[in-house]
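The listed protein sequences derive, respectively, from chains A and B.
Residue numbers for the first sequence follow my numbering, so the first one is 1 and each next one is one higher.
Residue numbers for the second sequence follow my numbering, so the first one is 1 and each next one is one higher.
In this text, a Cβ means the ideal position worked out from N, Cα and C, and glycines have one as well.
A quick note: this is a predicted structure, and the numbers were derived from the prediction, not measured.
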Amino acid sequence: MSAPERKFVTARIGGQLVGIPIARAREVFSPQAITPVPAAGKDIAGVLNLRGRIVTMIDLRSHFAMPAYADGALAIGVDEGGDSYGLMVDALDEVRRLATEDIQENPVNLDEPLRRVSAGVCKVEDELLVVLDVDRILKTGAIASEERTGAAAPADE
Amino acid sequence: MLCCVKALSVMDDLLREFLTETSENLDTVDVELVRFEQEPNNAAILGNIFRLVHTIKGTCGFLNLPRLEALTHAAEALMDRFRNGMPVRADAVSLVLATLDRVKDLLEELERNKAEPAGDDDDLISRLHAMVAEDGVAPARAATSAGTLVYQVLERPLRPGEATLDELERAFRETPGPAPRSSAPKSSTSSPSAPKSSTPPAARERQPADLAPPGPAVADRDAPDKASADQVKRSIRVQLDTLEHLMTMVSELVLTRNQLLEIDARHGISEFRSPLQQLSNATAALQDGIMKTRMQPISTAWQKLPRIVRDLSTELGKHIELEMQGGDTELDRQVLDVIRDPLLHMVRNSADHGIELPAERVAAGKPECGIIRLSAYHEGGQIVIEISDDGRGLDAGRIRARVLAGGLASEDDLSTLSDAQVYSFIFAAGFSTASQVTHLSGRGVGMDVVRNNIDRIGGTIDVRSVAARGTSIVIKIPLTLAIMPALIVSGAGGRYAVPQVAVRELIRVREKGDQRIERLRSAGVLRVENKLLPLLPLSELLGQDAAESHGSDLIVVMQSGQDSFGIIVDDVVQTAEIVVKPVSRRLRHIHAFSGMTILGDGAVIMIIDPNNAARVLGVTSKAQNAMPAAGAADQGEGGRSRESLLLFRAGPGQIKAVPVSLVARLEEIDVSQLEPAESGWLLRHRDRLVPVRAANEHVALRGSGLQPVLMFADGDRTLGLMIDEIVDIVEDRLDIEIAASQPGTVGSAIVAGCATDILDIGHHFQSVFPDWCAKAAGSAATRPQVLLVDDAAFFRDMLKPVIQAAGFEVVVASSAAGALDLIGRGGRLDVVIADTEMPGMDGFQLCEALRGAAATAHLSFIGLSARISEDIVRRGREAGFDDFVAKFDRSGLIAALKEQTAGEHAA
Numbered sequence: 001m002s003a004p005e006r007k008f009v010t011a012r013i014g015g016q017l018v019g020i021p022i023a024r025a026r027e028v029f030s031p032q033a034i035t036p037v038p039a040a041g042k043d044i045a046g047v048l049n050l051r052g053r054i055v056t057m058i059d060l061r062s063h064f065a066m067p068a069y070a071d072g073a074l075a076i077g078v079d080e081g082g083d084s085y086g087l088m089v090d091a092l093d094e095v096r097r098l099a100t101e102d103i104q105e106n107p108v109n110l111d112e113p114l115r116r117v118s119a120g121v122c123k124v125e126d127e128l129l130v131v132l133d134v135d136r137i138l139k140t141g142a143i144a145s146e147e148r149t150g151a152a153a154p155a156d157e
Numbered sequence: 001m002l003c004c005v006k007a008l009s010v011m012d013d014l015l016r017e018f019l020t021e022t023s024e025n026l027d028t029v030d031v032e033l034v035r036f037e038q039e040p041n042n043a044a045i046l047g048n049i050f051r052l053v054h055t056i057k058g059t060c061g062f063l064n065l066p067r068l069e070a071l072t073h074a075a076e077a078l079m080d081r082f083r084n085g086m087p088v089r090a091d092a093v094s095l096v097l098a099t100l101d102r103v104k105d106l107l108e109e110l111e112r113n114k115a116e117p118a119g120d121d122d123d124l125i126s127r128l129h130a131m132v133a134e135d136g137v138a139p140a141r142a143a144t145s146a147g148t149l150v151y152q153v154l155e156r157p158l159r160p161g162e163a164t165l166d167e168l169e170r171a172f173r174e175t176p177g178p179a180p181r182s183s184a185p186k187s188s189t190s191s192p193s194a195p196k197s198s199t200p201p202a203a204r205e206r207q208p209a210d211l212a213p214p215g216p217a218v219a220d221r222d223a224p225d226k227a228s229a230d231q232v233k234r235s236i237r238v239q240l241d242t243l244e245h246l247m248t249m250v251s252e253l254v255l256t257r258n259q260l261l262e263i264d265a266r267h268g269i270s271e272f273r274s275p276l277q278q279l280s281n282a283t284a285a286l287q288d289g290i291m292k293t294r295m296q297p298i299s300t301a302w303q304k305l306p307r308i309v310r311d312l313s314t315e316l317g318k319h320i321e322l323e324m325q326g327g328d329t330e331l332d333r334q335v336l337d338v339i340r341d342p343l344l345h346m347v348r349n350s351a352d353h354g355i356e357l358p359a360e361r362v363a364a365g366k367p368e369c370g371i372i373r374l375s376a377y378h379e380g381g382q383i384v385i386e387i388s389d390d391g392r393g394l395d396a397g398r399i400r401a402r403v404l405a406g407g408l409a410s411e412d413d414l415s416t417l418s419d420a421q422v423y424s425f426i427f428a429a430g431f432s433t434a435s436q437v438t439h440l441s442g443r444g445v446g447m448d449v450v451r452n453n454i455d456r457i458g459g460t461i462d463v464r465s466v467a468a469r470g471t472s473i474v475i476k477i478p479l480t481l482a483i484m485p486a487l488i489v490s491g492a493g494g495r496y497a498v499p500q501v502a503v504r505e506l507i508r509v510r511e512k513g514d515q516r517i518e519r520l521r522s523a524g525v526l527r528v529e530n531k532l533l534p535l536l537p538l539s540e541l542l543g544q545d546a547a548e549s550h551g552s553d554l555i556v557v558m559q560s561g562q563d564s565f566g567i568i569v570d571d572v573v574q575t576a577e578i579v580v581k582p583v584s585r586r587l588r589h590i591h592a593f594s595g596m597t598i599l600g601d602g603a604v605i606m607i608i609d610p611n612n613a614a615r616v617l618g619v620t621s622k623a624q625n626a627m628p629a630a631g632a633a634d635q636g637e638g639g640r641s642r643e644s645l646l647l648f649r650a651g652p653g654q655i656k657a658v659p660v661s662l663v664a665r666l667e668e669i670d671v672s673q674l675e676p677a678e679s680g681w682l683l684r685h686r687d688r689l690v691p692v693r694a695a696n697e698h699v700a701l702r703g704s705g706l707q708p709v710l711m712f713a714d715g716d717r718t719l720g721l722m723i724d725e726i727v728d729i730v731e732d733r734l735d736i737e738i739a740a741s742q743p744g745t746v747g748s749a750i751v752a753g754c755a756t757d758i759l760d761i762g763h764h765f766q767s768v769f770p771d772w773c774a775k776a777a778g779s780a781a782t783r784p785q786v787l788l789v790d791d792a793a794f795f796r797d798m799l800k801p802v803i804q805a806a807g808f809e810v811v812v813a814s815s816a817a818g819a820l821d822l823i824g825r826g827g828r829l830d831v832v833i834a835d836t837e838m839p840g841m842d843g844f845q846l847c848e849a850l851r852g853a854a855a856t857a858h859l860s861f862i863g864l865s866a867r868i869s870e871d872i873v874r875r876g877r878e879a880g881f882d883d884f885v886a887k888f889d890r891s892g893l894i895a896a897l898k899e900q901t902a903g904e905h906a907a
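What follows is the structure, given as structure tokens:
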């Protein structure tokens with residue numbers, strides 16, 4: 001009887017290893033001709049035309065305290081509520097199987113920007129993988145509203 | 001039995017077809033029934049209903065749906081009675097409608113669970129039977145009592161669906177013109193019906209043979225029906241998904257075509273040109289065709305309304321007629337879906353709140369029967385839908401009270417709003433005027449939802465109302481949401497699409513040109529046809545830092561509702577038919593955009609929402625702003641009945657202000673261009689001499705350099721007023737609180753938190769052009785004379801300057817006795833404004849007394865009251881008041897005064 005495990009597409013944002021459940025990933029593509037959207041959240045790189053579909057590009061680097069992408073990034077396509085999104089990453093890693101019990105809750109001292117996109121942390125080989133909370137990232141409520149209220153991090157953190 | 005699996009799937013298909021067919025039939029029956037109630041003698045209508053019910057019943061029997069079958073059977077029996085001459089009473093129709101509602105419920109359940117729900121419908125069936133039985137008694141007097149007896153004896157013990165079937169079949173066969181709809185399912189069901197042939201299909205199969213004997217007479221009557229049957233058959237049913245998918249594919253094709261055209265324009269490969277042209281034409285034709293498939297007549301959205309109005313009239317005890325015009329006006333299915341519920345809600349509102357009870361109507365001198373009118377028509381690329389009634393109209397007084405009670409606006413805010421503006425509050429969230437909330441119109445949760453729905457599809461909604469005459473709501477919505485013509489503009493570091501419907505004109509401005517942007521601190525304005533057009537740079541609209549102007553700008557003049565404004569852009573790149581795509585959820589909080597689109601070169605650009613731009617500029621018509629819309633919280637505080645005021649310094653002391661709407665333009669004039677003249681200066685301006693005055697005696701001409709001058713124009717007269725410095729343009733309410741203490745000033749008001757003198761332009765025009773007064777506000781001698789009687793010093797002090805500012809001469813009295821005394825002393829008088837509640841002799845008595853006296857009978861009388869109720873208005877009318885205004889309704893008072901004095905001069 002093997003322990004329950006889940007498959008993740010892993011990628012790197014800066015040096016950080018991140019993963020999203022493979023069931024959520026629709027495709028991988030190289031983003032081109034991104035149109036910036038004024039007044040959008042800090043983590044919105046813009047919108048682009050992917051074979052006739054409009055994809056909203058999300059740049060998570062701000063959450064990892066890194067400057068936004070200039071060029072050469074890759075993107076993992078995910079769908080949510082009929083909309084298409086692209087999560088921008090530096091490079092793809094591989095598809096990994098992670099035992100469910102190995103995925104731990106966010107450490108209490110995880111810094112706030114990262115906490116907002118992380119659904120948990122898992123030790124992989126000798127580094128830590130951040131399991132991205134795709135739903136939270138894609139839902140308007142999570143990041144945009146916090147940014148709209150002004151502060152980067154709530155006071156209680 | 002033999003091939004269960006196959007039979008099952010066939011049954012599934014049949015069931016699905018049955019459900020679609022039946023729901024359509026039921027909708028038709030609804031409409032027909034209401035018509036039938038109005039024209040009980042119309043056998044053709046009855047025939048239609050009867051056939052439809054019969055079809056439903058027959059199919060139910062075949063599909064083994066006993067509940068439905070029993071119910072429709074009982075209904076059909078009653079319908080048959082009607083057909084045979086039983087008088088149609090309202091309660092009978094109600095019963096049949098209730099039955100049909102039950103049928104609908106059952107069908108819904110059936111659709112969900114693929115099975116009829118448990119339970120029975122004996123309640124309805126027994127009532128249906130009772131009514132049929134009642135008829136049994138009626139003919140008894142005319143015909144033989146034996147016939148009645150036989151009928152009843154037979155009826156009682158029988159389960160519905162069994163015994164009277166033959167009778168009904170006969171009735172069905174005798175009904176002229178087999179329904180086109182009924183023939184379709186029958187032919188499709190006849191072959192699978194063979195193995196488990198039961199009574200109903202057998203009965204149906206008998207039908208063609210039985211049809212023959214009646215002969216040519218029947219065939220003749222069939223003819224028109226057959227024609228329509230052919231028409232019906234020429235259309236087919238297509239899954240919506242299929243259409244939507246086609247639409248998407250065509251959109252893609254349009255985009256690809258655009259891309260190819262652009263490549264062709266760049267590289268110009270002549271070989272491709274001709275086929276490309278063909279592709280382009282074909283694509284356009286395809287696009288047109290697909291768009292047509294999305295179009296549906298608006299009547300599909302109001303099909304249910306006659307039934308609803310009928311139910312409401314019965315329930316409310318009112319007589320209401322529903323008139324519908326322009327039902328064939330077509331609009332996009334998507335748009336139709338959005339307006340369906342709002343229409344329903346508004347018609348309900350009209351019936352519930354608008355139309356009065358018959359007795360009230362008669363008392364008001366109106367016909368007993370109220371009319372709700374629904375009309376739709378095309379106008380300039382938009383669909384206009386109007387819902388009007390001839391009911392009591394909106395009650396501004398009550399709306400004001402509600403607004404106050406609900407905390408939607410303060411008393412001060414309200415006092416500055418006209419009735420028309422107050423009406424717009426019915427669209428505010430959580431508002432309901434019906435003091436007695438009925439379950440029909442709900443608790444006022446509706447109108448704000450209505451407005452939100454209309455907003456969402458880029459439409460506008462407007463309400464007009466006249467007391468005792470009725471209310472009319474006008475909705476304007478775009479024809480389609482899918483594809484629209486747009487202007488592609490560049491600016492704010494990118495390209496954006498602006499819907500062409502909102503664009504009025506394009507104006508090119510240059511820094512040194514004739515038409516240039518005038519700046520007042522932060523705000524830019526442009527003078528267009530003697531009006532100042534507020535401007536907003538595109539970058540600011542999009543929440544970016546204002547970009548540097550580079551000498552030449554293009555202004556896109558846009559219109560949203562009543563208001564015009566300009567957006568400053570770098571350039572217009574092209575015009576294009578764009579395919580509107582929704583904004584993803586993650587971006588939906590940005591109100592600046594109404595959608596996105598893909599351009600010919602493949603780039604994605606955002607579509608600017610003109611309504612939002614108007615809101616950002618704060619020029620949205622006052623009424624609209626007063627409505628706390630769903631998005632209002634994001635817009636910051638919405639200016640409530642605010643006015644744009646130009647603030648400036650002229651001499652020491654308080655800041656001065658003048659409404660921007662009065663200012664023609666702002667100039668900085670080299671003092672050397674000003675030639676001294678009698679009591680002022682003259683400025684040479686385009687071969688004309690323009691008189692320039694100091695705004696007041698403290699403003700001194702500068703020794704050299706530029707002097708700011710406000711230019712005012714009235715017709716062909718232009719006047720410049722020299723000031724010291726322009727301070728700002730602010731949006732604020734203009735409430736003149738202290739009357740003028742010096743000429744040239746209307747009075748003082750609090751503007752942006754500071755006491756401010758409001759400039760009296762009339763005074764300056766009068767002094768420069770002595771004959772100006774005659775045609776404008778009028779001098780003291782010609783101004784209408786007003787007597788204000790109020791026991792409260794507070795109101796006298798508050799209202800006097802307001803009335804004066806509006807161009808009237810005012811004398812005040814603190815009591816009725818004082819007023820009579822004043823009048824007794826002689827002097828000209830045109831209007832008396834009297835508070836109705838005063839100690840001693842009150843306003844009513846004063847009015848009565850003055851009306852009674854020959855010397856004062858011709859005067860106009862306006863009553864002031866803290867509360868306005870129907871009672872007070874009636875008493876006022878009896879006493880002889882011409883008009884009635886709420887005490888805090890200052891603009892209402894001015895409007896009433898103007899109306900009274902205008903009438904005076906005409907008479």
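- With a cutoff of 9 Å on beta-carbon distance, LEU138(A) and THR10(A) are scored as not near each other.
- The DSSP-derived three-state label of PRO485(B) is strand.
- Shown in chain order are the members of the region 577–597 of chain B whose Cβ falls below 9 Å from a Cβ of chain A: LYS581, PRO582, VAL583, SER584, ARG585, ARG586, LEU587, ARG588, HIS589, ILE590, HIS591, ALA592, PHE593, MET596, THR597.
- Inclusion of GLY600(B) and GLU262(B) in the CB contact set at 9 Å is warranted, their separation being smaller than that value.
- Taking C-beta atoms as the reference points, GLY747(B) and HIS763(B) fail to come closer than 9 Å.
- Where ASN49(A) is concerned, the enclosing beta strand (DSSP E) starts and stops at 44–50.
- Counting only unbroken stretches of 3 or more residues, the beta strand (DSSP E) elements lying wholly within the region 347–382 of chain B are 370–379, in sequence order.
- Within the same chain, ILE862, ALA896 come within 6 Å of ASP883(B) by CB-CB distance, once the 5 residues on both sides are set aside.
- Just measuring C-alpha positions, the residue of ARG693(B), VAL403(B), ALA700(B) sitting nearest GLY720(B) is ARG693(B).
- If you look at ILE568(B), you'll find it in the beta strand (DSSP E) that goes 563–569.
- Under the three-state reduction of DSSP, SER704(B) is assigned to coil, being neither helix nor strand.
- Following the DSSP letters along the chain, one finds ASP288(B) inside the alpha helix (DSSP H) bounded by residues 270–294.
- Only exposed fits ALA265(B), as fewer than 16 other CB atoms lie within 10 angstroms of its CB.
- Within the DSSP bridge table, the entry for ILE426(B) names no partner.
- Assignment of GLN303(B) by DSSP, reduced to helix, strand and coil, places it in the coil class.
- Of the residues VAL403(B), VAL583(B), LEU417(B), LEU52(B), the one whose Cα lies closest to the Cα of PHE427(B) is VAL403(B).
- At least one CB atom of chain B sits nearer than 9 Å to the CB of ASN49(A).
- Restricted to the region 94–145 of chain A, the beta strand (DSSP E) segments that are unbroken, complete and at least 3 residues in length are 118–124, 127–132, listed in chain order.
- Of the residues assessed, LEU645(B) falls on the buried side of the cut-off, its CB having 16 or more other CB atoms within 10 angstroms.
- If you draw a straight line from the Cα of ASP395(B) to the Cα of ALA467(B), it comes to about 7 Å.
- The beta carbon of PRO38(A) sits closer than 9 Å to some beta carbon of chain B.
- When DSSP states are grouped into helix, strand and coil, ASP448(B) belongs to the helix group.
- Apart from the 5 residues on each side of it in sequence, ILE607(B) sits with its Cβ closer than 8 Å to the Cβ of ALA486, TYR496, ALA497, VAL498, PRO499, ILE578, VAL580, PHE593, SER594, GLY595, MET596, THR597 in its chain, given in chain order.
- For the C-beta of LEU246(B), not a single chain A residue is nearer than 9 Å; the gap to the nearest is close to 15 Å.
- Listed along chain A are ALA33, THR35, LEU48, ASN49, each with a C-beta nearer than 9 Å to that of ALA603(B).
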